[in-house]
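Novice: Take the sequence shown: its position 4, counted from the start at 1, is 49 in our numbering, and no numbers get skipped.
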Amino acid sequence: MTLKNKKTLLKNESGIAIIMVTTAVAILTVLLAQFTYETKLNKIRIEGQIDKVQAKLNAEAGLHYALSVLKVYREAWNKLEDNTSLQSTISKSDIEAIATQPFVVPIPVTTELSALQKNAIAEFEKESLIQGSISVSLKPITGFLNPNTLRVIKPMNGSSSQSSSEASGQQSSTITPHQFMEKTFTEMLETTFRNEIENNEDFALHYSNLDPKLLVKELKYFVSGKEDYDEPEKADIQRTYQNLGVEAKHAAFETAEELYSLAGWDDEIVNLIKDRISIHNVSVINVNEITINQLKVLFPEMSDVALEEFFKYRDGDEENGTSPSSFKSDKDFKELITNRLGAVEASDFDKRIKEFADADIIIGTGGKLFKLESIGMYADTTYKLTAFIDLPIKPQAPTTTSQGQSGQQAGGSQNPDDDDDQGSGQQQSSTGQQGQQSSSKYYLLRPRVVEIRTY
Numbered sequence: 046m047t048l049k050n051k052k053t054l055l056k057n058e059s060g061i062a063i064i065m066v067t068t069a070v071a072i073l074t075v076l077l078a079q080f081t082y083e084t085k086l087n088k089i090r091i092e093g094q095i096d097k098v099q100a101k102l103n104a105e106a107g108l109h110y111a112l113s114v115l116k117v118y119r120e121a122w123n124k125l126e127d128n129t130s131l132q133s134t135i136s137k138s139d140i141e142a143i144a145t146q147p148f149v150v151p152i153p154v155t156t157e158l159s160a161l162q163k164n165a166i167a168e169f170e171k172e173s174l175i176q177g178s179i180s181v182s183l184k185p186i187t188g189f190l191n192p193n194t195l196r197v198i199k200p201m202n203g204s205s206s207q208s209s210s211e212a213s214g215q216q217s218s219t220i221t222p223h224q225f226m227e228k229t230f231t232e233m234l235e236t237t238f239r240n241e242i243e244n245n246e247d248f249a250l251h252y253s254n255l256d257p258k259l260l261v262k263e264l265k266y267f268v269s270g271k272e273d274y275d276e277p278e279k280a281d282i283q284r285t286y287q288n289l290g291v292e293a294k295h296a297a298f299e300t301a302e303e304l305y306s307l308a309g310w311d312d313e314i315v316n317l318i319k320d321r322i323s324i325h326n327v328s329v330i331n332v333n334e335i336t337i338n339q340l341k342v343l344f345p346e347m348s349d350v351a352l353e354e355f356f357k358y359r360d361g362d363e364e365n366g367t368s369p370s371s372f373k374s375d376k377d378f379k380e381l382i383t384n385r386l387g388a389v390e391a392s393d394f395d396k397r398i399k400e401f402a403d404a405d406i407i408i409g410t411g412g413k414l415f416k417l418e419s420i421g422m423y424a425d426t427t428y429k430l431t432a433f434i435d436l437p438i439k440p441q442a443p444t445t446t447s448q449g450q451s452g453q454q455a456g457g458s459q460n461p462d463d464d465d466d467q468g469s470g471q472q473q474s475s476t477g478q479q480g481q482q483s484s485s486k487y488y489l490l491r492p493r494v495v496e497i498r499t500y
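1. Quick one: is Met347 near chain C, going by C-beta distance under 8 Å?
2. Do three or more CB pairs link the region 408 to 415 to the region 327 to 340 at distances below 8 Å?
3. Under 8 Å by Cβ, that's how I've got Phe433 and Val495 pegged, so tell me the actual separation to the nearest angstrom.
4. For Ala151, collect the residues of the same chain with a Cβ closer than 7 Å to its Cβ; drop the 5 residues on either side in sequence, then sort them by chain order.
5. Whole angstroms is fine: what's the gap from Leu343's alpha carbon to Lys101's?
6. What whole-angstrom Cβ distance do Gly309 and Leu250 have, given they're in contact under 8 Å?
7. Are Leu430 and Gly107 touching if we call contact CB-CB under 8 Å?
8. With a Cβ-Cβ cutoff of 8 Å, do Ile140 and Tyr118 count as a contact?
9. Specify whether the region 386 to 393 and the region 64 to 80 touch according to this definition: at least 3 beta carbon pairs, one from each stretch, less than 8 Å apart.
10. Among residues of its own chain, excluding the 5 on either side of Leu112, which ones have a beta-carbon nearer than 6 Å to its beta-carbon?
11. Along the chain, where does the alpha helix (DSSP H) containing Phe415 start, and where does it finish?
12. From Glu418 to Asp435, what distance separates their C-alpha atoms?
13. Express the C-alpha separation of Leu307 and Glu363 in angstroms, rounding to a whole number.
14. Quick one: Cα of Lys279 to Cα of Thr194, how far?
15. What are the complete alpha helix (DSSP H) segments, minimum 4 residues, inside the region 310 to 397?
16. With respect to the alpha helix (DSSP H) encompassing Pro257, which residues constitute its N-terminal and C-terminal limits?
17. Give me the DSSP bridge partner(s) of Ala432.
18. Using DSSP with H/G/I as helix, E/B as strand and the rest coil, what is Leu161?
19. Since Ile438 and Tyr487 are thought to touch, with beta carbons under 8 Å apart, how far apart are those beta carbons, to the nearest angstrom?
20. Around the C-beta of Ile382, are 16 or more other C-beta atoms found within 10 angstroms, so that it is buried, or is it exposed?
21. Under 8 Å between the Cβ atoms of Ser173 and Ser371?
22. Do Val197 and Lys265 come within 8 Å of each other at the CB atom, strictly closer than that value?
23. Hey, Asp320 and Asn338: beta-carbon distance below 8 Å or not?
24. Sorted by chain position, which residues of the same chain lie with C-beta nearer than 8 Å to Glu227's C-beta, five sequence neighbours on each side aside?
25. Taking the DSSP output, what are the residues bridged to Val149?
26. Pick helix, strand or coil for Thr426, following the three-state DSSP scheme.
27. If I follow the unbroken alpha helix (DSSP H) through Ile438, where does it start and stop?
28. How big is the Cα-Cα spacing for Glu83 and Arg90?
29. Rounded to whole angstroms, what is the Cα-Cα separation between Asn365 and Pro185?
30. First and last residue of the alpha helix (DSSP H) that includes Ile140?
31. Is it buried or exposed for Phe298, if we count other Cβ within 10 angstroms and need 16 for buried?
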C-alpha cells in the first residue's frame with residue numbers, strides 16, 4: 046500500500062469518526078431534551094397535585110372553622126333558653142347574624158382602615174400558618190317543608206302507618222303530623238300552581254291539568270319502601286315509572302337534585318317549588334329569614350296586602366323611610382300577624398303553630414340548619430366545598446302522667462351530647478297540653494355535617 050493510499054484511508058476513518066460523534070451528540074441532545082421535557086412535565090403535575098391538596102386542606106379548614114363557630118352559636122342559644130330575661134337584650138337572630146358573618150383569609154386591607162388596623166392585620170398574617178387563602182360563607186336554610194316527612198313507615202304489626210293514621214283520625218278531630226304535612230304539601234302545590242297559571246301563559250298552556258294531590262302521592266311513593274306505600278294511586282304511579290323505564294328510589298331524599306328523578310314531575314315543576322322545600326330537617330322556622338312563599342305556606346289565608354305589610358315591617362321600606370325591625374322572639378311575630386296586621390285570628394294562629402309543632406316544626410328567631418360554602422385557594426388551584434350542617438334539637442323527656450309515672454326522669458338523658466344543658470330544657474308544665482307547649486324550651490345539640498359536596 047502506497048503512502049498516498051494510507052493518507053486517504055486515514056482521512057476516511059476520521060470522517061467516519063466525526064460523523065459517529067456528531068450522530069451520538071445529536072441523539073443525546075434529543076434524549077436530553079425529551080428527558081428534560083418529561084421531568085418538567087412531571088414537576089408541573091406534582092406541583093399541581095400539591096397545590097390541589099393544599100387548596101383542599103384550606104377548604105377543610107374553613108369547614109372546621111364553621112363547626113367551631115356553630116358550637117359557640119349553640120352555647121349562646123342554650124344560654125338564652127336558660128335565661129329568658131336576656132332575650133329582651135339580645136335575640137337568637139342577633140347571635141345568628143354574628144355566626145354567619147363571612148370569613149376571609151388573608152384579611153382584605155382597604156384604604157378605609159387605620160394604620161393601627163393595618164399593622165394588626167400584617168402581624169396576624171406574619172404569625173399565621175395558613176398557606177393560600179380561605180373564604181367561608183355560612184347561610185341559614187329557611188325552607189321547612191321536607192318531602193322525607195311524607196315517608197310511610199309500616200309498623201311491626203304489618204299494617205301501614207297511613208291506615209293507622211286514618212283510623213286514629215276517625216277517632217279524633219285532630220289530624221296526625223303525617224297527614225298534616227301531606228295536607229300542607231298539597232296546599233302549597235295548589236297555591237303555587239294557581240298563581241303560576243294566572244301569571245304565566247306558557248305554564249298555563251302545559252300544566253293546567255296538573256293534579257297536586259297525585260304529585261304529592263308520587264312523592265310519598267318515591268320516598269317510601271316498596272311494600273310500605275299502599276294507596277289507591279299506587280297502580281297509576283307504578284305504571285308511569287314502567288312506561289318511562291325508570292325505578293323509584295323507595296328511600297329518603299339525600300340531595301335536592303334527586304327531585305328531578307320523579308317521573309311525574311317535569312323539571313319546570315321542580316324548579317318552581319325547589320326554594321320552598323328542604324331535603325334536610327329544618328325543624329325551626331326562622332321568622333327573620335322566612336320568605337314570602339314560605340309565609341304563604343305557613344298562613345295561606347294571608348292576603349297580598351298583609352304579606353306586603355309584613356315584609357315592609359321586617360325588612361324596612363325605603364319609600365316611607367322606615368328601618369328594618371327584626372323579631373326578638375316568636376311573641377313579636379305573633380303580635381305583628383294577629384294584632385298589628387290583623388291578618389290571622391289569634392286562635393287560628395295558635396292552632397296553626399300547634400299543628401306545625403306536632404310535626405316537629407317550631408317558630409323561632411334563629412336557625413338550626415346552615416349551608417356552608419368554603420373555598421380554598423393555593424397558587425392557581427381552587428377547591429370548593431359545600432356542606433349542610435345541622436344542630437339537632439335535644440329530645441325532651443316524656444311528660445309525667447296523671448298517676449305521676451313517666452318513662453324517663455326529666456334531665457336523666459344519657460345522650461353524650463347533653464353537655465351543660467343541665468336538663469333544664471326538659472322541665473314541662475303538667476297543667477295541660479297547651480301549657481306544656483308554651484313552656485317548652487328547645488336546646489341544641491352539637492353541630493354535625495349531614496351532607497357534603499366537593500367541586
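Even glycine gets a Cβ: it sits at the ideal position worked out from N, Cα and C.
Specialist: According to the data block:
1. Protein chain content of the structure displayed is limited to a single chain, and chain C is not contained in it.
2. The answer is yes - the region 327 to 340 touches the region 408 to 415, with three or more Cβ pairs under 8 Å.
3. Confirmed, Cβ separation roughly 5 Å.
4. Looking at the sequence shown, residue 151 is not Ala but Pro. The answer, listed in chain order, is Glu170 and Ser178.
5. C-alpha separation (whole angstroms): 40 Å.
6. Between Leu250 and Gly309 the Cβ distance is about 18 Å, and since that is not below 8 Å, they are no contact.
7. Result yes, Cβ atoms of Leu430 and Gly107 sit closer than 8 Å.
8. Result yes, Cβ atoms of Ile140 and Tyr118 sit closer than 8 Å.
9. Segments in contact, no.
10. Setting aside the 5 residues that flank it on each side, Leu112 is surrounded in the same chain by Pro492, each with a C-beta closer than 6 Å to its C-beta; the list follows chain order.
11. Not the alpha helix (DSSP H): Phe415 falls in the beta strand (DSSP E), residues Leu414 to Tyr423.
12. If you take the alpha carbons of Glu418 and Asp435, they lie about 14 Å apart.
13. Approximately 43 Å, taken between the alpha carbons.
14. In a straight line, the C-alpha of Lys279 is about 18 Å away from that of Thr194.
15. Given a length threshold of 4 residues, each whole run of the alpha helix (DSSP H) inside the region 310 to 397 is given here in chain order: 312 to 318, 337 to 343, 349 to 360 and 375 to 379.
16. Unbroken alpha helix (DSSP H) run through Pro257: Pro257 to Val268.
17. In the DSSP output, where bridge partners are listed per residue, Ala432 has Leu417 and Ile497.
18. Leu161 falls in the helix class under three-state DSSP.
19. With 8 Å as the limit, Ile438 and Tyr487 qualify as a contact, their Cβ atoms being about 5 Å apart.
20. The residue is buried, with at least 16 neighbouring Cβ atoms inside 10 Å.
21. No, these two residues do not count as a Cβ contact at 8 Å.
22. Cβ atoms of Lys265 and Val197: closer than 8 Å.
23. For Asp320 and Asn338, yes; Cβs fall inside 8 Å.
24. Counting only Cβ-Cβ distances below 8 Å, and skipping sequence neighbours, we find Leu195, Val261 and Lys265.
25. In the DSSP output, where bridge partners are listed per residue, Val149 has Ser180.
26. Strand.
27. That residue, Ile438, is in no alpha helix (DSSP H); it is neither H nor E in DSSP.
28. Glu83 and Arg90 have their C-alpha atoms roughly 10 Å apart.
29. Rounded to whole angstroms, Asn365 to Pro185 spans 29 Å at the Cα level.
30. Lys137 to Ala144 is the span of the alpha helix (DSSP H), which, as asked, contains Ile140.
31. When all chains shown are included, Phe298 counts as buried.
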